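S.K.: From first to last, the protein sequence lines stand for chains F and U. Our numbering runs 3 ahead of the 1-based position in the first sequence. Our numbering runs 3 ahead of the 1-based position in the second sequence. Don't be surprised by glycine CBs; every beta carbon is placed ideally from N, CA and C. Note that the structure is a prediction, hence the values are computed from the model and not measured.
There are 2 protein chains.
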Amino acid sequence: MVEKMQPPGDFDALRAAILERKGELPKRLTQVAAYALDHPDEIAFGTAASIAESAEVQPSTLVRFAQHFGFEGFSGLQLLFRARLRERTSSYEDRLRTLEQNGAALAESTTIFNGFAAAAHRSVDALTAAVDPDAFERSVTLLANAETIYLIAKRRSYPISSYMAYAFGKLKVRYQLVGTAAGIDDDMLAMATPRDAAFAISFSPYASESATQARAMAARGIPVVSLTDSAFSPLAECSREWFEVVEADHAGFRSLSASMAFAMALTVSIAEKRRRG
Amino acid sequence: MVEKMQPPGDFDALRAAILERKGELPKRLTQVAAYALDHPDEIAFGTAASIAESAEVQPSTLVRFAQHFGFEGFSGLQLLFRARLRERTSSYEDRLRTLEQNGAALAESTTIFNGFAAAAHRSVDALTAAVDPDAFERSVTLLANAETIYLIAKRRSYPISSYMAYAFGKLKVRYQLVGTAAGIDDDMLAMATPRDAAFAISFSPYASESATQARAMAARGIPVVSLTDSAFSPLAECSREWFEVVEADHAGFRSLSASMAFAMALTVSIAEKRRRG
DNA sequence: CCATGTTTGGAATGAACATTCCACGTTGAC
DNA sequence: GTCAACGTGGAATGTTCATTCCAAACATGG
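1. Tell me, please, whether the CB atom of residue 268(U) is closer than 7 Å to any CB atom in chain F?
2. What's the gap between the Cα of residue 250(U) and the Cα of residue 158(U)?
3. On the DSSP bridge list, what partners appear for residue 202(U)?
4. What residue from 84(F), 55(F), 57(F) and 52(F) has the CA that sits closest to residue 18(F)'s CA?
5. Measuring only the C-alpha atoms, how far is residue 192(F) from residue 150(F)?
6. Using a Cβ-Cβ distance cut-off of 7 Å, determine whether residue 166(F) contacts chain U.
7. With 16 other CB atoms within 10 Å as the buried threshold, where does residue 131(F) fall?
8. Which runs of the alpha helix (DSSP H) spanning at least 4 residues fall entirely within the segment 217-275 of chain U, listed in chain order?
9. Could you name the residues of chain U that residue 248(F) contacts, counting a contact when the two beta carbons are closer than 8 Å?
10. Output the distance between the C-alpha atoms of residue 271(U) and residue 176(U), rounded to the nearest integer angstrom.
11. Measuring alpha carbon to alpha carbon, tell me which residue in 221(F), 205(F) and 161(F) is nearest residue 233(F).
12. Does any C-beta atom of chain U lie closer than 7 Å to the C-beta of residue 120(F)?
13. Taking all protein chains shown into account, decide if residue 72(F) is buried (16 or more other Cβ within 10 angstroms of its Cβ) or exposed.
14. Run through chain F and tell me which residues come within less than 9 Å of residue 38(U), C-beta to C-beta.
15. Please decide whether residue 23(F) counts as near chain U, where near means a Cβ-Cβ distance under 7 Å.
16. What residue range is occupied by the uninterrupted beta strand (DSSP E) comprising residue 70(U)?
17. By the criterion of Cβ-Cβ separation under 8 Å, what are the contact partners of residue 113(U) in chain F?
18. Measure the C-alpha to C-alpha separation of residue 64(U) and residue 55(U) and round it to an integer number of angstroms.
19. Can you list, in chain order, the residues of its chain whose CB lies under 7 Å from that of residue 38(F), leaving out five sequence neighbours each side?
20. Check whether chain U comes within 7 Å of residue 256(F), counting only Cβ atoms and requiring the distance to be less than that.
21. What would DSSP say about residue 181(F), mapped onto helix, strand or coil?
22. Would residue 277(F) pass as an interface residue toward chain U - the criterion being a Cβ-Cβ separation below 7 Å?
23. Name the chain U residues that come within less than 7 Å of residue 242(F), Cβ to Cβ?
24. Can you tell me which of 262(U), 212(U), 236(U) and 127(U) puts its alpha carbon nearest to the alpha carbon of residue 187(U)?
25. Using 7 Å as the limit for Cβ to Cβ distance, is residue 143(U) near chain F?
26. What residue range is occupied by the uninterrupted alpha helix (DSSP H) comprising residue 137(F)?
27. For residue 11(F), which residues from the same chain have a beta carbon less than 6 Å from its beta carbon, with the 5 sequence-adjacent residues on both sides left out?
28. Look up residue 79(F) in the DSSP assignment and say whether it is helix, strand or coil.
29. From this set, 30(U), 13(U) and 36(U), which residue's C-alpha is nearest residue 23(U)'s C-alpha?
30. From the beta carbon of residue 127(U), is the nearest beta carbon of chain F less than 7 Å away?
31. In the DSSP assignment, find the unbroken alpha helix (DSSP H) run with residue 130(U) in it and report its ends.
32. So what's residue 175(U) in DSSP terms, helix, strand or just coil?
33. Taking CB distances under 7 Å as the criterion, tell me whether residue 77(F) reaches chain U.
34. Give the C-beta separation of residue 258(F) and residue 267(U) to the nearest angstrom, bearing in mind that I take them to be a contact with Cβ-Cβ under 8 Å.
35. For residue 44(U), which of helix, strand or coil comes out of DSSP?
36. So is residue 181(U) in contact with chain F if we call contact Cβ pairs under 7 Å?
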């Protein structure tokens, strides 16, 4: 039986159609539907026979599946899976390589620029892989419940905390930025109570001050959440929750791209949690 | 004639082999080589006949080409082109979607986190597209020739300039960070001479102070390079060079991921240019 | 428990495919 | 100018492929 409905025009439409109708599909077709969405690359490259084998159905089932969604045959459906791969923007390295071989001799500044852009990309990739959603959620809850959030950061980490401070200000979340002027830091921290919380940031080489301050807070029963770049960071041991974000570097210099994204996500999540009560 | 050499193991090896031998290849094979490197996706998906047509050669030439590089036939070579697409990390949206449909109900904080990570990715993508390498190079030269670099930034831009300040300090580049304490800014700027230069950062809504200061510098013959998020920024008109970096946002909040990458590339490029004289 | 419609597995079919083969052209050496 | 070696185009070939078809298994409603 050939369906009269016309086939989805692109992969997203197909995906939507599959999800919408997956309840009313017979057993084997459901099996194909699941396989198709889980292994889109296999569908794109494989032959009906090879796909059928790994999906544990008959080739004819694949054809039937395609026809159920309005295609003339399996090949028509396969085109959508291929188009998806085609349109997917090429990887970073590929693009840079294209630039290089076209431009022949690039200025050094361009090389450096591309390097940092690529490093930023990799950092953000690593970020999503490294951050555990549950730990993140716990941290948000912890900080959202604090009366005042103390932001502890020095040197390389300071731009991050200063941006969080800016955002907290806009979001009407009470905070104290520690690390600005010399001397008064400890006085400010002395006012913190266990109803408050601290967010400490420190990357290697660790500013020992930050670690000392974080430890002092923890000792007084003030929960500490921290962002660092190593499990061996002195911050890790005194923190209720801690996150390891490794920024990819270019020529030894790190941009804070991933850390910034993390910081903003944390900041906004905290504000959102408070708003909802 | 069947070559005895063994075929490249991955796409990069093949690419290298093609580039290495492209000089000694006969006419039609050179044609195929060029087509293959320019349209790798076509090779991955097409059939020998379709590829032959768009490369304007005979299908048999494709087979010969593959054999020249040690493959048994065209199909063997095609496998490498397909593997390349397969291994290419999937796009960000794809991965997030996978996360979503697996995790079913995600905590709101996770959604926010993913949103910022995706936004950071997009921002960095846009960055490479938006920055003109020549303008970047000119800016580097301009700032590298300055005696002192004045960093002008307020509010949301301040974290960027403060990180540049940190890096400049490490790199032994003389700078003045403007925008820290209230009041003394204008006094500091008054000391600048045309042998210096300024780097101004301002995003909408623009801190009018920064624009005023940048204009004042420009009026006194001090070259200004600026980073902003719109061509209509007041900074653009008074700057010798200016860059437009649009940060993708998540729920109205922007992380500074792309700007940070840009800032670090600029900073390191300046230091590098100075080091080389 | 039967009748009817639907789903499924597997063989049959014909089209599309990569590959091979051979005759013709082109190039370069002697 | 002739010959040999190499490169090239296009038809021939045998294989692989998607598709179709049909009978058997399975559900579904009376």
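M.R.: On the basis of the supplied data:
1. Taking the first residue of the second sequence as 1, we reach residue 268(U) at position 265. True, the Cβ-Cβ gap to chain F drops below 7 Å.
2. Reading the second sequence from its first residue, position 247 is the one you call residue 250(U). Reading the second sequence from its first residue, position 155 is the one you call residue 158(U). Distance between the alpha carbons of residue 250(U) and residue 158(U) is about 16 Å.
3. Indexing the second sequence from 1 puts residue 202(U) at position 199. In DSSP, residue 202(U) forms a bridge with 154(U) and 228(U).
4. The sequence position of residue 18(F) within the first sequence is 15, counting from 1. Comparing alpha carbon positions, the residue from 84(F), 55(F), 57(F) and 52(F) closest to residue 18(F) is 84(F).
5. Along the first sequence, read from residue 1 onward, the residue named residue 192(F) stands at position 189. Along the first sequence, read from residue 1 onward, the residue named residue 150(F) stands at position 147. Spanning the two alpha carbons is a distance of roughly 14 Å.
6. Locating residue 166(F) in the first sequence gives position 163, counting from the first residue. Output row for residue 166(F): interface = yes.
7. On the first sequence, position 128 is the one that residue 131(F) refers to. With 16 or more Cβ atoms within 10 Å of its Cβ, residue 131(F) is classed as buried.
8. Runs of the alpha helix (DSSP H) lying entirely within the segment 217-275 of chain U and spanning at least 4 residues, in chain order: 237-240.
9. As a first step, residue 248(F) is located in the first sequence; it is residue number 245 there, counting from the start. Going along chain U, no residue has its Cβ under 8 Å from residue 248(F), so there is no contact; the nearest lies around 11 Å.
10. Residue 271(U) sits at position 268 when you count from the first residue of the second sequence. Residue 176(U) sits at position 173 when you count from the first residue of the second sequence. Taking the straight line from one Cα to the other gives about 10 Å.
11. As a working note, residue 233(F) is residue 230 in the first sequence. For residue 233(F), the closest C-alpha among the options 221(F), 205(F) and 161(F) is that of 205(F).
12. The residue given as residue 120(F) occupies position 117 in the first sequence. Yes, contact with chain U.
13. Here residue 72(F) refers to the residue found at position 69 when the first sequence is read from its first residue. Taking a 10 Å sphere around the C-beta of residue 72(F), we find 16 or more other C-beta atoms and assign the residue as buried.
14. Stepping through the second sequence from its first residue, residue 38(U) is reached at position 35. Neighbours of residue 38(U) on chain F: none; closest Cβ ~15 Å, over 9 Å.
15. Along the first sequence, read from residue 1 onward, the residue named residue 23(F) stands at position 20. Taking Cβ atoms only, chain U never reaches closer than 7 Å to residue 23(F), which makes this a no.
16. As a position in the second sequence, residue 70(U) is number 67, starting the count at 1. Per DSSP, residue 70(U) belongs to no beta strand (DSSP E); it is in the alpha helix (DSSP H), 62-71.
17. By 1-based counting over the second sequence, the position of residue 113(U) is 110. Ordered by position in chain F, the residues that pass the 8 Å Cβ test against residue 113(U) are 136, 139 and 140.
18. Residue 64(U) sits at position 61 when you count from the first residue of the second sequence. Residue 55(U) sits at position 52 when you count from the first residue of the second sequence. Our two residues, residue 64(U) and residue 55(U), have alpha carbons roughly 8 Å apart in a direct line.
19. Position 35 of the first sequence, counting from 1, holds the residue named residue 38(F). Taking residue 38(F) as the centre and dropping the five residues before and after it, the same chain places the C-beta of 58 closer than 7 Å to its C-beta, in chain order.
20. Numbered from 1 along the first sequence, position 253 holds the residue referred to as residue 256(F). Yes, contact with chain U.
21. Here residue 181(F) refers to the residue found at position 178 of the first sequence. Strand, per DSSP.
22. The sequence position of residue 277(F) within the first sequence is 274, counting from 1. With 7 Å as the cut-off, residue 277(F) does not count as an interface residue toward chain U.
23. For this step, residue 242(F) is matched to residue 239 along the first sequence. Within chain U, no residue comes near residue 242(F); the closest Cβ sits about 18 Å away, beyond 7 Å.
24. Residue numbering aside, residue 187(U) sits at position 184 when the second sequence is read from its first letter. The option with the nearest alpha carbon to residue 187(U) is 212(U).
25. The residue labelled residue 143(U) in the question sits at position 140 within the second sequence. The beta-carbon of residue 143(U) is placed less than 7 Å from the nearest beta-carbon of chain F.
26. Position 134 of the first sequence holds residue 137(F). Looking at the DSSP string, the run of the alpha helix (DSSP H) that includes residue 137(F) is 136-147.
27. Working through the first sequence from its first residue, we reach residue 11(F) at position 8. Excluding sequence neighbours, residue 11(F) sits near 17 and 20.
28. On the first sequence, position 76 is the one that residue 79(F) refers to. In the structure shown, the three-state DSSP call for residue 79(F) is helix.
29. As a first step, residue 23(U) is located in the second sequence; it is residue number 20 there, counting from the start. The shortest C-alpha separation from residue 23(U) is found at 36(U).
30. For the purposes of this step, residue 127(U) is taken as residue 124 along the second sequence, with counting starting at 1. For residue 127(U), the answer is yes, since a Cβ of chain F falls inside 7 Å of its Cβ.
31. For the purposes of this step, residue 130(U) is taken as residue 127 along the second sequence, with counting starting at 1. For residue 130(U), the enclosing alpha helix (DSSP H) starts and ends at 111-133.
32. Start at 1 with the first residue of the second sequence, and residue 175(U) comes out as number 172. DSSP places residue 175(U) in coil when its eight states are reduced to three.
33. As a working mapping, residue 77(F) is identified with position 74 in the first sequence. Contact of residue 77(F) with chain U is not assigned, every C-beta pair being separated by 7 Å or more.
34. Here residue 258(F) refers to the residue found at position 255 when the first sequence is read from its first residue. Here residue 267(U) refers to the residue found at position 264 when the second sequence is read from its first residue. Yes, they are in contact, since the Cβ atoms of residue 258(F) and residue 267(U) sit about 4 Å apart, within 8 Å.
35. Walking along the second sequence from the start, residue 44(U) turns up at place 41. In the three-state reduction of the DSSP assignment, residue 44(U) falls in the helix class, which pools H, G and I.
36. To locate residue 181(U), count along the second sequence from 1; it is residue 178. Residue contact check for residue 181(U) against chain F: no CB pair falls below 7 Å.
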